[in-house]
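Colleague: Dumping the structure here so I can ask a few things about it.
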Amino acid sequence: MKRKILAFVLILTLVTSLLLVGCGQKKEEGSGSGSTGERTKITALLKGTESTEQYLVFNYLLKNFCDEKGLDYEIELVNDMQDYFTKLQMYINSNTLPDIYGCPNGTLSQACLDIDALVDVGAELERNGYAEKMNGAVKDFLTDVNDGNLYLFPQGLYCEYFMYRTDIFEEAGIKDTPTTWEEFQEACQKIADIGEIPVVVGGSDAWQLMRYLSFSPWRVTGAEFIQDYQAGTDSFAENESAKYSVNLLADLGTKGYFEPGFASVDYTSACNLFYGGTGAIFYSGSGNIDLADEMYKEGKLGFFPVPDTEGMENMDTNVPIHAGFAEGFNKGTYDETMQEFFDYMCENFSDACYTQAKIFSPFNEELPDGLPQLYYDTQPMFADAKTAWTSWDDKLNSDTLTKIVDAQQNLAQGNITPEKFIENCDALVEK
Numbered sequence: 001m002k003r004k005i006l007a008f009v010l011i012l013t014l015v016t017s018l019l020l021v022g023c024g025q026k027k028e029e030g031s032g033s034g035s036t037g038e039r040t041k042i043t044a045l046l047k048g049t050e051s052t053e054q055y056l057v058f059n060y061l062l063k064n065f066c067d068e069k070g071l072d073y074e075i076e077l078v079n080d081m082q083d084y085f086t087k088l089q090m091y092i093n094s095n096t097l098p099d100i101y102g103c104p105n106g107t108l109s110q111a112c113l114d115i116d117a118l119v120d121v122g123a124e125l126e127r128n129g130y131a132e133k134m135n136g137a138v139k140d141f142l143t144d145v146n147d148g149n150l151y152l153f154p155q156g157l158y159c160e161y162f163m164y165r166t167d168i169f170e171e172a173g174i175k176d177t178p179t180t181w182e183e184f185q186e187a188c189q190k191i192a193d194i195g196e197i198p199v200v201v202g203g204s205d206a207w208q209l210m211r212y213l214s215f216s217p218w219r220v221t222g223a224e225f226i227q228d229y230q231a232g233t234d235s236f237a238e239n240e241s242a243k244y245s246v247n248l249l250a251d252l253g254t255k256g257y258f259e260p261g262f263a264s265v266d267y268t269s270a271c272n273l274f275y276g277g278t279g280a281i282f283y284s285g286s287g288n289i290d291l292a293d294e295m296y297k298e299g300k301l302g303f304f305p306v307p308d309t310e311g312m313e314n315m316d317t318n319v320p321i322h323a324g325f326a327e328g329f330n331k332g333t334y335d336e337t338m339q340e341f342f343d344y345m346c347e348n349f350s351d352a353c354y355t356q357a358k359i360f361s362p363f364n365e366e367l368p369d370g371l372p373q374l375y376y377d378t379q380p381m382f383a384d385a386k387t388a389w390t391s392w393d394d395k396l397n398s399d400t401l402t403k404i405v406d407a408q409q410n411l412a413q414g415n416i417t418p419e420k421f422i423e424n425c426d427a428l429v430e431k
C-alpha cells in the first residue's frame, strides 16, 4: 500500500513539474524578450501593410535601432480592421501581447489596461523631456477618459481643413474665406450663381456627411455633446449647437450646394473630382497634401479652417486633429532595452514621420526642409491647438451609428425634414 502511495506521489510530482514547465514556456513565447536571459528581439503587431504609415515609421525606427544594438525585430501585419481587432483581442485574452502593438483609444485600450499591459507613456515622456513637445490636441485625443493618463503613443498628427479653388472664389466675387457657417453658405450661393458646384462631398462614406453634422457641436462643446447624447443626458432637440448642425446639413444638401449624386460618391471619387478640377470647396486635410501640392504651388488652391457657429461661443481650436492608430507598449516586457528604444523613438520620430511616411509629427518641432509648401503654411493653424477632434463614428454604438448614417443621408437629400431627423435620432438613446 505504501509503495502505491509513493508511486502516486512521484507521478503527481512529475505531472506537476511538466505543467509548470509548460506554463513557463508559454510565458516565454508570449514576451518580446523571453522570460529569462538577455533580450534578442523586439516584436510588434501593427495594422496595415508595408506601404501604410504606421509600418513605414516603425520599420524605419526598429531597423535602425536594432542594427545599432545587434538585435532582431519582427513586425506582424494585419491589414483588415476587423481581423486586426480579433488578433489583438486574442493576444489580450492570452496575455501574450508583443512589445509594441497598434491600439485605438477606447474599449481595446481599456482591455489592455485591465490586464496591466500598457506602459504609462505620459510618465515616460515626462521622464525623457518630450511631454512638453507633444502637440496639445494630440495629447488630448489620446488621454484616457477614466484617469487622465496617457497610455498610447500617437501614430502621427493628422489634421483636417477645407481646400478651395481660388479662381472660382475670385470669379464669384468672394474676397475672404468664410469664418462662420453663415458666411460659408453665402459663399456657396455665390458659387452656385455662376454655375459652379459649391462643395464636393463623398456622401456614400458615412464620415463625410457626419463631419458636417458634428462640426458645430464640436466647436461649441468639444466632446461633451456626443458623450452626453450617448449617455442619454443631452439630445439634438435640447442642444442648440447640435440642432444648428442638423439644419446646416439639410441646407447644404437641399439647396444644391453638394455635387449632383453626392450620396453615391465615395471619398476616393470625391478626391478625384475636386483635385481633378471639379467643385469649389472640399473638406480635406494633411492626408491629401500630395494631391494638392502642385495646384497649391501654382496658386490655384487655398485653405481655411472649420468655421465658427455664429451666435455661440466657439472654442479656439478650429482644425480637427487626431493621432491616427496609436501604439501601446507592453508593460510586462518593458525592460531597459525597450525603454532605450522608447527614448530613441522619441528622438527620431519626427524624422521618420517626414522622411518615411510623409505625415506631420505629433511633436511641435521645426519642420525639415524640402517638404511640400502646404506643410509649412498649414502648421501655424494647429501648432497651439489644445482640444482634439471628437469623431462620432467611433463614439456611437454600432446600432445608433447605422441609424444616424441612414437618417443623415435622407436629411441631406431632402427625404426627411430636420424636425423628423431630430425626432428619430433622439429616440435612439435612452433618457
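FYI, in UniProt numbering the residues of the sequence shown are 1 to 431.
Cβ coordinates follow ideal geometry from the N, Cα and C atoms, glycine included.
How big is the Cα-Cα spacing for residue 248 and residue 192?
Modeller: The residue given as residue 248 occupies position 248 in the sequence shown. The residue given as residue 192 occupies position 192 in the sequence shown. The alpha-carbon atoms of residue 248 and residue 192 are separated by roughly 17 Å.
Colleague: Residue 386 and residue 136 - do their beta-carbons sit closer together than 8 Å?
Modeller: Sequence index remark: in the sequence shown, residue 136 carries index 136 (1-based). Sequence index remark: in the sequence shown, residue 386 carries index 386 (1-based). Yes, Cβ-Cβ distance for residue 136 and residue 386 is below 8 Å.
Colleague: With 16 other CB atoms within 10 Å as the buried threshold, where does residue 25 fall?
Modeller: Taking the sequence shown and counting its residues from 1, one reaches residue 25 at position 25. Here residue 25 scores only 32 on pLDDT, less than 50, and its place in the model should not be relied on; the value that follows carries that caveat. Under this definition residue 25 is an exposed residue.
Colleague: Would you call the region 270-283 and the region 217-226 in contact, with 3 or more CB pairs under 8 Å?
Modeller: Because the criterion of three Cβ pairs below 8 Å is not met, the region 270-283 and the region 217-226 do not touch.
Colleague: Tell me, please, whether the region 92-100 touches the region 301-316 by the rule of three or more beta-carbon pairs shorter than 8 Å.
Modeller: Not touching, per the Cβ criterion.
Colleague: Here's a check: name, in chain order, each residue in its chain whose Cβ is nearer than 6 Å to the Cβ of residue 423, leaving out the five neighbours to either side.
Modeller: Reading the sequence shown from its first residue, position 423 is the one you call residue 423. Around residue 423: no qualifying Cβ.
Colleague: Would you mind listing the beta strand (DSSP E) stretches within the region 133-184 that are 3+ residues and don't spill past its ends, in chain order?
Modeller: Whole beta strand (DSSP E) segments, 3+ residues: 158-165.
Colleague: So, for residue 130: in the same chain, excluding its five sequence neighbours on each side, which residues have a beta-carbon less than 8 Å away from its beta-carbon?
Modeller: As a first step, residue 130 must be located in the sequence shown, where it is residue number 130. These residues qualify, in order along the chain: 346 and 363.
Colleague: Give the straight-line distance between the Cα atoms of residue 402 and residue 71, rounded to the nearest whole angstrom.
Modeller: By 1-based counting over the sequence shown, the position of residue 402 is 402. By 1-based counting over the sequence shown, the position of residue 71 is 71. Going from the Cα of residue 402 to the Cα of residue 71 covers about 47 Å.
Colleague: At a cut of 8 Å, does the region 153-161 reach the region 282-291 through at least three beta carbon pairs?
Modeller: Enough Cβ pairs lie closer than 8 Å, so yes.
Colleague: Assign residue 414 to one of two classes, buried (16 or more other C-beta atoms within 10 Å of its C-beta) or exposed (fewer than that).
Modeller: Counted from its first residue, the sequence shown places residue 414 at position 414. Label assigned to residue 414: exposed.
Colleague: What are the start and end residues of the alpha helix (DSSP H) that includes residue 236?
Modeller: On the sequence shown, residue 236 is found 236 positions in, with the first residue counted as 1. Unbroken run through residue 236: none, as it is neither H nor E.
Colleague: Between which residues of its own chain and residue 19 is the CB-CB distance below 8 Å, once the five residues before and five after are set aside?
Modeller: Position 19 of the sequence shown, counting from 1, holds the residue named residue 19. Its pLDDT being 35, under 50, residue 19 is placed unreliably in this model, and the value from its coordinates should be taken loosely. Hits under 8 Å: none found.
Colleague: Using the three-state DSSP reduction, which class does residue 264 fall into: helix, strand or coil?
Modeller: Sequence index remark: in the sequence shown, residue 264 carries index 264 (1-based). In this structure, residue 264 counts as helix in the three-state DSSP scheme.
Colleague: Quick one: using the 10 Å Cβ neighbour count with 16 as the cut-off for buried, is residue 264 buried or exposed?
Modeller: Residue mapping note: residue 264 aligns to position 264 of the sequence shown, counting from 1. Classification of residue 264: exposed, given that the 10 Å Cβ count is below 16.
Colleague: DSSP state of residue 192, grouped into three classes?
Modeller: Stepping through the sequence shown from its first residue, residue 192 is reached at position 192. Residue 192 falls in the helix class under three-state DSSP.
Colleague: Which class does residue 360 belong to by DSSP, given the choice of helix, strand or coil?
Modeller: Here residue 360 refers to the residue found at position 360 of the sequence shown. Strand at residue 360.
Colleague: What's the C-alpha gap between residue 206 and residue 390?
Modeller: The sequence position of residue 206 within the sequence shown is 206, counting from 1. The sequence position of residue 390 within the sequence shown is 390, counting from 1. Roughly 15 Å between the two C-alpha positions.
Colleague: Please list, in chain order, all residues of the same chain as residue 262 whose beta carbon is under 7 Å from its beta carbon, the five residues on each side excluded.
Modeller: Looking up residue 262 in the sequence shown gives position 262. For residue 262, where only same-chain residues beyond five positions count, the Cβ hits under 7 Å are 201 and 203.
Colleague: Flag this pair as yes or no: are the beta carbons of residue 47 and residue 102 separated by less than 8 Å?
Modeller: As a position in the sequence shown, residue 47 is number 47, starting the count at 1. As a position in the sequence shown, residue 102 is number 102, starting the count at 1. Yes, the pair counts as a contact, with Cβ atoms nearer than the cut-off.
Colleague: Are the beta-carbon atoms belonging to residue 209 and residue 407 less than 8 Å from one another?
Modeller: Counting from 1 along the sequence shown, the entry for residue 209 is found at position 209. Counting from 1 along the sequence shown, the entry for residue 407 is found at position 407. No. Outside cutoff.
Colleague: Here's a check: name, in chain order, each residue in its chain whose Cβ is nearer than 7 Å to the Cβ of residue 393, leaving out the five neighbours to either side.
Modeller: For the purposes of this step, residue 393 is taken as the residue at position 393 of the sequence shown. Answer for residue 393: 206, 207, 210 and 401, listed in chain order.
Colleague: Check each candidate in 374, 425, 323 and 125 and name the one with the smallest Cα separation from residue 342.
Modeller: Against the sequence shown, residue 342 aligns to sequence position 342. Considering only alpha carbons, the answer is 125.
Colleague: Determine contact between the region 313-328 and the region 138-150, defined as no fewer than three beta-carbon pairs at a distance below 8 Å.
Modeller: The region 313-328, when compared against the region 138-150, does touch it at the 8 Å Cβ threshold.
Colleague: For residue 204, name the three-state secondary structure that DSSP assigns.
Modeller: Here residue 204 refers to the residue found at position 204 when the sequence shown is read from its first residue. Three-state DSSP puts residue 204 in coil, outside helix and strand.
Colleague: With a threshold of 7 Å on Cβ separation, who are the neighbours of residue 187 within its own chain once the five nearest residues in sequence on each side are excluded?
Modeller: As a working note, residue 187 is residue 187 in the sequence shown. Excluding positions up to five away in sequence, the list reads 174 and 178.
Colleague: For residue 301, write down the residues that DSSP places opposite it in a beta bridge.
Modeller: As a position in the sequence shown, residue 301 is number 301, starting the count at 1. Looking at the DSSP assignment, residue 301 forms a beta bridge with 165.
Colleague: Taking only the alpha-carbon atoms, compute the straight-line gap between residue 370 and residue 295 and give it to the nearest angstrom.
Modeller: Along the sequence shown, read from residue 1 onward, the residue named residue 370 stands at position 370. Along the sequence shown, read from residue 1 onward, the residue named residue 295 stands at position 295. Roughly 17 Å between the two C-alpha positions.
Colleague: Just to check, is the beta-carbon of residue 100 closer than 7 Å to a non-hydrogen atom of the ligand GDP?
Modeller: Among the components of this structure there are no ligands whatsoever, and the ligand GDP is therefore not found.
Colleague: Go ahead and label residue 90 buried or exposed: buried means 16 or more other beta carbons lie within 10 angstroms of its beta carbon, across all protein chains shown.
Modeller: For the purposes of this step, residue 90 is taken as the residue at position 90 of the sequence shown. Exposed: under 16 other Cβ atoms inside 10 Å.
Colleague: With a threshold of 8 Å between beta-carbons, can residue 203 be considered close to chain C, or not?
Modeller: Protein chain content of the structure displayed is limited to a single chain, and chain C is not contained in it.
Colleague: Let me check understanding here. Comparing Cα to Cα, which of 410, 60 and 49 lies closest to residue 350?
Modeller: As a working mapping, residue 350 is identified with position 350 in the sequence shown. Measuring from the Cα of residue 350, the nearest candidate turns out to be 60.
Colleague: When the distance is taken between beta carbons, is residue 118 closer than 8 Å to residue 151?
Modeller: Here residue 151 is taken as the residue at index 151 of the sequence shown, counted from 1. Here residue 118 is taken as the residue at index 118 of the sequence shown, counted from 1. Cβ atoms of residue 151 and residue 118: closer than 8 Å.
Colleague: Are the CB atoms of residue 66 and residue 55 nearer to each other than 8 Å?
Modeller: Within the sequence shown, the letter at position 66 stands for residue 66. Within the sequence shown, the letter at position 55 stands for residue 55. Against a cut-off of 8 Å, the Cβ pair of residue 55 and residue 66 comes out as no contact.
Colleague: CA-CA distance, residue 134 and residue 242?
Modeller: In the sequence shown, residue 134 corresponds to position 134, counting from 1. In the sequence shown, residue 242 corresponds to position 242, counting from 1. So the two alpha carbons sit approximately 31 Å from each other.
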